[in-house]
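Asks: Just so it is clear: in the sequence shown, position 3 is 111 by the numbering used here, and no numbers are missing.
The beta carbon of each residue, even a glycine, is placed where N, CA and C say it ideally should be.
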Amino acid sequence: MVERIVLIVLNQLRPLPHNAFVQTFASRPRMRQQAFVTLAGMKQTTISERLLDLLIGLRNQLKMEESMSEAQLPEELTPERVMEIGRTCANWWQPH
């Protein structure tokens, strides 16, 4: 059975647009950053608003985690909470 398991090493995927979403979960910050840059360069019509909220929230959370110790981290996050954070950040950055 083991010979049938395929592992994807996110840090080793080529930096192509079709790999960018999964690379946002890579363990190496440089790889994650590159993935977010790739996704930001895509047309907004290519990415749904809900997915964009998730990506913005995820990026915000990862940046916060990099600068905090484990004891300082806020509550456990759900995908819904990450999307809420993303919506808040996106609304804050949009011109009024």
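Write down the C-beta distance between L170 and G194 rounded to the nearest angstrom, noting that I regard them as a contact closer than 8 Å.
Replies: That belief does not hold up - the Cβ atoms of L170 and G194 are roughly 12 Å apart, past 8 Å.
Asks: With a threshold of 7 Å on Cβ separation, who are the neighbours of M212 within its own chain once the five nearest residues in sequence on each side are excluded?
Replies: Here the chain comprises residues numbered 109 to 204, so residue 212 is not present and cannot be evaluated.
Asks: Considering only the beta carbon of each residue, do P137 and E173 sit closer than 8 Å?
Replies: Going by C-beta atoms, P137 is not nearer than 8 Å to E173.
Asks: Work out the CA separation of E111 and R167 for me, nearest whole Å.
Replies: Cα to Cα, the separation comes out at about 35 Å.
Asks: My output table needs one value for E173: the three-state DSSP class, helix, strand or coil.
Replies: Three-state DSSP puts E173 in a helix.
Asks: Under 7 Å Cβ to Cβ from E190, same chain only, skipping five residues before and after it: list those, please.
Replies: The sequence as given places Val at residue 190; Glu does not occur at that position. Contacts found: L162, G165, L166, Q169.
Asks: Can you give me the start and stop residues for the alpha helix (DSSP H) that N127 sits inside?
Replies: Here the alpha helix (DSSP H) through N127 covers 125-131.
Asks: Assuming L121 and Q131 make a contact with CB atoms under 8 Å, what is their CB distance in whole Å?
Replies: Going by Cβ atoms, the distance from L121 to Q131 rounds to 6 Å, so yes, they are a contact pair.
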